[in-house]
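Q: Below is one structure. I have some questions about it.
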Amino acid sequence: MRSVLSTQHGDTPQQTLQKVTEDDPIDKGLVNVHVATSLFDGFMKHMNPFVSHLDPCLHTFDYVRGASSFLLAAILAAASKLLHASLYPALPDDSRAWLSVGYAIRMAIELGWHQLGTDEMRLPPDVSEFQARKHRNVERTWLVLFVYDRSISLQTGKPWMIDRSRYVESASNWYRHPLAIANDRLLCAFVSLRLITSTHIDTTTSQGVQRQRQQNLQFRSLLRLLDRQIEDWQSCWTEAIAGDGEDCHAFLIPFYGSYSRLLLFTSQLRGSLRLKDIVSSVDTEAIWNSCSSALDMLKLVPDLPTSQLLYFAQDSVHIMIAYATVFLIKFLVSAPTYIQSEIETPAMDAIRNAARTLASQGAPTNTSCALQAKFLHNVILEYGAIRERPWNNDHPSLNCAASNAPTADALPEPATLQQRSIDQVNTSPDPSFAPTRFEQGSEIGTAYDNVNPQPVPSQVPSALNLDFADDNAWALIFAEAGFNVDEGTFLLPA
Numbered sequence: 001m002r003s004v005l006s007t008q009h010g011d012t013p014q015q016t017l018q019k020v021t022e023d024d025p026i027d028k029g030l031v032n033v034h035v036a037t038s039l040f041d042g043f044m045k046h047m048n049p050f051v052s053h054l055d056p057c058l059h060t061f062d063y064v065r066g067a068s069s070f071l072l073a074a075i076l077a078a079a080s081k082l083l084h085a086s087l088y089p090a091l092p093d094d095s096r097a098w099l100s101v102g103y104a105i106r107m108a109i110e111l112g113w114h115q116l117g118t119d120e121m122r123l124p125p126d127v128s129e130f131q132a133r134k135h136r137n138v139e140r141t142w143l144v145l146f147v148y149d150r151s152i153s154l155q156t157g158k159p160w161m162i163d164r165s166r167y168v169e170s171a172s173n174w175y176r177h178p179l180a181i182a183n184d185r186l187l188c189a190f191v192s193l194r195l196i197t198s199t200h201i202d203t204t205t206s207q208g209v210q211r212q213r214q215q216n217l218q219f220r221s222l223l224r225l226l227d228r229q230i231e232d233w234q235s236c237w238t239e240a241i242a243g244d245g246e247d248c249h250a251f252l253i254p255f256y257g258s259y260s261r262l263l264l265f266t267s268q269l270r271g272s273l274r275l276k277d278i279v280s281s282v283d284t285e286a287i288w289n290s291c292s293s294a295l296d297m298l299k300l301v302p303d304l305p306t307s308q309l310l311y312f313a314q315d316s317v318h319i320m321i322a323y324a325t326v327f328l329i330k331f332l333v334s335a336p337t338y339i340q341s342e343i344e345t346p347a348m349d350a351i352r353n354a355a356r357t358l359a360s361q362g363a364p365t366n367t368s369c370a371l372q373a374k375f376l377h378n379v380i381l382e383y384g385a386i387r388e389r390p391w392n393n394d395h396p397s398l399n400c401a402a403s404n405a406p407t408a409d410a411l412p413e414p415a416t417l418q419q420r421s422i423d424q425v426n427t428s429p430d431p432s433f434a435p436t437r438f439e440q441g442s443e444i445g446t447a448y449d450n451v452n453p454q455p456v457p458s459q460v461p462s463a464l465n466l467d468f469a470d471d472n473a474w475a476l477i478f479a480e481a482g483f484n485v486d487e488g489t490f491l492l493p494a
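So the sequence shown is numbered by the UniProt record's numbering: it starts at 1 and just counts up by one.
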């Protein structure tokens, strides 16, 4: 890591490339040089714009190969998953992403990167362009680690490791440097968003605000203020990337903005749905904002040119799509009929269109794109089966306006979203969450010939006889469709 990221090396990439490193994957015979260069070029063209990690002007194939066999192997592995599937082994039990990010942060601290912005870490004004790019690469990597650190904390509830600093808080202008690349705009946007959302967590979980939850008007005003921050962020960065950004950036900004709003408003929705009198207690503003945010996320999927780029999206994007779907289905089943009738058609249309789009990508079977398409298709069938059950008409959670609270958790917490899905599919199929008949048989694409597919009876008839607040029942339902809600992972076909 020191050899590829340190700024204390020669003046040109060619000077660094004296010989390939000892563990070079090409010399080891893992892949030949022609395939390796093709995979490397594919990563830089299609995948790097999503993750904003590498500077194409610095990280050429020869430079990376000479500087770090580990970095080269990581790039080739990530690219092979989508571009050369036979080279990518399925690793369903690998869940080390959270630990790996933690190791990387500690290594960065050991290198002194937490002091970026101080006099000790400033470059002298007369350095070469190569040295300046290497220093920006250090800064870029530290900002990426900050984004990952806060994302993991947001989704898992674990404490973050990187504190706020003047340097991080000033990162909104980091992309204005003369040596900036197009991807730096997206990275700065993500840093800004993580600063906002982590502040939201601190604010909404403080003791004073928790007491305000009993006073709906005060708490609602707070949510509106926080929502406005997200809207301003989205507006600002949509404009910033419009002039000089990759096509995928125009998708990621509104997508992450909508997901942040979904998380914000479902906290209020959970509170309203805990009350017994659902007619008087339902917070219609929270419902509207939650549902519209989830719908906005799903509607982005089939839009051109987004639909042609999702093949290369990192796994966390697909997990967020899955959680938006989980929220909509749980809410449709749990909501009173007067709300359900307004939301059902646009929600199911959005899920159906997203499923068609992802299925049309022709992605390898072990990728999130393919697993997501199957999950969305199966969810449509499961929802149809739920709606057709004879006991539905008598079930108080579905049709009685004065029923008990249908679900305490309208949107289940994505407990290990980033931990288990940063640039990898980390599925851990538990025997009780085995893939169902929907994972078997005919191809998924044929299911979309009929706009309203015929519902298939569920294999868990007893689960839906339980209270709809039973998270275990919901976990089993969505596991049947191919998604482990608790772990935030797709289930591989048996």
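Quick reminder that beta carbons are idealized off the backbone N, C-alpha and C, glycines included.
How should residue 31 be labelled, buried or exposed, when 16 other C-beta atoms within 10 angstroms of its C-beta is the threshold for buried?
A: buried
Q: Hey, could you find the ends of the alpha helix (DSSP H) residue 311 is sitting in?
A: Segment: none, residue 311 is in no alpha helix (DSSP H) and carries neither H nor E.
Q: Per DSSP, residue 489 forms a beta bridge with which residues?
A: 484
Q: Expressed to the nearest angstrom, what Euclidean distance is found between the alpha-carbon atoms of residue 56 and residue 44?
A: 7 Å
Q: Counting C-beta neighbours from all protein chains within 10 Å, is the total for residue 28 16 or more, i.e. buried, or is it exposed?
A: The residue is exposed, with fewer than 16 neighbouring Cβ atoms inside 10 Å.
Q: Do you know how far the Cα of residue 337 is from the Cα of residue 169?
A: 46 Å
Q: Work out the CA separation of residue 73 and residue 294 for me, nearest whole Å.
A: 36 Å
Q: If you draw a straight line from the C-alpha of residue 481 to the C-alpha of residue 347, how long is it?
A: Residue 481 and residue 347 have their C-alpha atoms spaced approximately 17 Å apart.
Q: For residue 29, report the span of its alpha helix (DSSP H) as first-last.
A: It is not in any alpha helix (DSSP H) - residue 29 carries neither H nor E in the DSSP assignment.
Q: In this structure, does DSSP put residue 113 in helix, strand or coil?
A: helix
Q: From the beta carbon of residue 74, is the nearest beta carbon of chain D less than 8 Å away?
A: Looking for chain D here will not work: only one protein chain is present.
Q: Could you pull the start and end residues of the alpha helix (DSSP H) that residue 361 belongs to?
A: Residue 361 -> no alpha helix (DSSP H), and no H or E assigned at all.
Q: Following the continuous alpha helix (DSSP H) through residue 384, name the residue where it begins and the one where it ends.
A: Note, residue 384: alpha helix (DSSP H), 368 to 388.
Q: Quick check: residue 150 and residue 177, are their CB atoms within less than 8 Å of each other?
A: no
Q: Give me, in chain order, the residues of the same chain whose beta-carbon lies closer than 7 Å to that of residue 204; leave out the 5 immediate sequence neighbours on both sides.
A: Within the same chain, residue 204 has close Cβ partners 267.
Q: Where do the ends of the alpha helix (DSSP H) carrying residue 63 lie?
A: 61 to 67
Q: Going by the C-beta, is residue 154 closer than 7 Å to any heavy atom of the ligand SAH?
A: The ligand SAH is not among the ligands present in this structure, which contains no ligands whatsoever.
Q: Using CA coordinates, which residue listed in 366, 364, 340 and 322 is at the minimum distance from residue 352?
A: 322
Q: Beta-carbon within less than 8 Å of residue 133's beta-carbon, same chain only, minus the 5 sequence neighbours each way: which residues are those?
A: So the qualifying residues of the chain are 55, 57, 58 and 179.
Q: Check the C-beta distance from residue 84 over to residue 185 and give it rounded, since I have them as a contact under 8 Å.
A: Not quite, the Cβ-Cβ distance comes to about 30 Å (not below 8 Å), so this is no contact.
Q: Mind reading off the beta-carbon distance from residue 143 to residue 101? Whole number of angstroms is fine, and I expect it under 8 Å.
A: Contact flag wrong, Cβ pair sits at about 14 Å.
Q: Pick from 316, 227 and 354: whose alpha carbon is nearest that of residue 199?
A: Among 316, 227 and 354, the Cα nearest to that of residue 199 is on 227.
Q: Given a cut-off of 8 Å on the beta-carbon distance, is the pair residue 90 and residue 366 in contact?
A: Yes, these two residues count as a Cβ contact at 8 Å.
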